[in-house]
Amino acid sequence: EGGGQQKVTEANKGEYVSLVARHVMTNAIRDQINAFLEGFWDLVPKSLLQIFNDHELELLISGLPEIDIDDLRANTEYTGY
1 EGGGQQKVTE
11 ANKGEYVSLV
21 ARHVMTNAIR
31 DQINAFLEGF
41 WDLVPKSLLQ
51 IFNDHELELL
61 ISGLPEIDID
71 DLRANTEYTG
81 Y
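Just so you know, the sequence shown maps onto residues 1 to 81 in UniProt numbering.
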């Protein structure tokens, strides 16, 4: 709080960027996050997700960080192209 009165300097610019990013990614979209979570918890019970750690849950939601193009080609069926 009161950060609007502080000047951004070379010494505190990292903290400034971190605080702005946190604000944009959480506070500024709090209503949207809450609406998303309300719908998400309607579909997926919290008790089910508690069996996963953070990394496992991210993998389930986002998938692998890299796409194996050879695997994609081997398992893709093209029709009408």
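For every residue, glycine included, the Cβ atom is placed at its ideal position computed from N, Cα and C.
Beta-carbon gap between residue i and residue j smaller than 8 Å
{"i": "L49", "j": "L57", "result": "yes"}
{"i": "V24", "j": "Y16", "result": "no"}
DSSP three-state assignment for residue i, whether helix, strand or coil
{"i": "Q32", "result": "helix"}
{"i": "F40", "result": "helix"}
{"i": "Q5", "result": "helix"}
{"i": "A74", "result": "helix"}
{"i": "L64", "result": "coil"}
{"i": "residue 83", "result": "Here the chain has residues from 1 to 81 only, and residue 83 is not among them."}
{"i": "N53", "result": "coil"}
Of the residues the options, the one placed nearest residue i, counting alpha carbons only
{"i": "L60", "options": "R22, N12, V44, A21", "result": "V44"}
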